[in-house]
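With my numbering applied, the sequence shown has no gaps in its numbers, which climb one by one up to 221 at the end.
A short write-up of the structure that comes next.
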Amino acid sequence: MTNKPLALSGIALVALFLILVSSLSVWFGGAAAWSDAGSLRGRWLVSQWREGSGPVYSPALWRQTRYELQAALRETPGNGELMDDLGYMNAARAMGLGSPDRGTVEYLLQQKLLADAIGYYRAATLARPTFPYSWAYLALAKHLKGEVDEELWRAFDKAVRYGHNEAGVQPAIAQVAFGHWAELSAQRKGQMSAMLAAARPVPKKVLQDLAGAAGVALPE
């Protein structure tokens with residue numbers, strides 16, 4: 002008689018555990034699905050802007066897209082793709098401001114945008130530690146902000162390690178390298194020369210143009 006309630010309690014506990022696990026699975030799955038659906042338009046816009054196409058950029062559209070991506074990231078906080086997209090949005094808008102005079106409203110906005118970009122790219126490298134784009138653009142954002150430190154060069158080296166053959170990564174790597182060519186180590190200069198030598202014709206022309214704009218003479 003006394004064993005039956007215990008047995009029933011054990012079965013009930015197992016059932017409760019299974020229901021709890023199932024509920025959590027549905028919740029997390031639903032959160033991920035909501036994140037995907039809620040950020041679909043924003044991610045599409047970012048992909049178009051990366052390619053230089055899509056709807057015409059405007060500050061209002063930028064703010065709305067950022068809001069959508071940030072909302073999705075709150076639902077899936079480890080989503081490296083969303084972090085990369087947000088990093089790109091902030092960095093691209095910062096670069097679009099050109100070279101404003103120090104102390105101006107535009108300069109302060111640019112510094113804030115670059116700081117935000119760095120934060121998102123830094124988080125993205127933790128979420129996807131072998132994804133070269135995050136490392137390359139973390140290094141580039143720090144270069145643009147004037148933060149030449151150990152983190153920049155660590156990001157640069159990771160980008161070279163994982164993405165030296167990626168045509169989409171090479172220009173970011175090159176901009177950092179050419180911007181600091183005079184103090185670049187012989188090893189890193191050799192890596193740049195090897196990357197240029199192995200690049201296909203169209204990416205190679207891009208790299209050569211970047212070198213020329215920076216006043217860097219590279220081997221043919």
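For each residue, glycine too, the CB sits at the ideal point set by N, CA and C.
With fewer than 16 neighbouring CB atoms inside 10 Å of its own CB, R201 falls in the exposed class. Residue state for G169 is assigned as coil, using DSSP reduced to three classes. Residue environment: S135 is assigned as buried (16 or more neighbouring CB atoms within 10 Å of its CB, all protein chains considered). Residue nearest to N91 within the set I119, G79, N80 and L109 is I119 (criterion: CA-CA distance). Nearest C-alpha to Y108 among L98, D117 and A116: L98.
Here DSSP, grouped into helix, strand and coil, assigns H181 to coil. Look at the beta carbons and you see the segment 124-138 not touching the segment 100-115: under three pairs across the two are nearer than 8 Å. Here the alpha carbons of E76 and K190 stand approximately 42 Å from one another.
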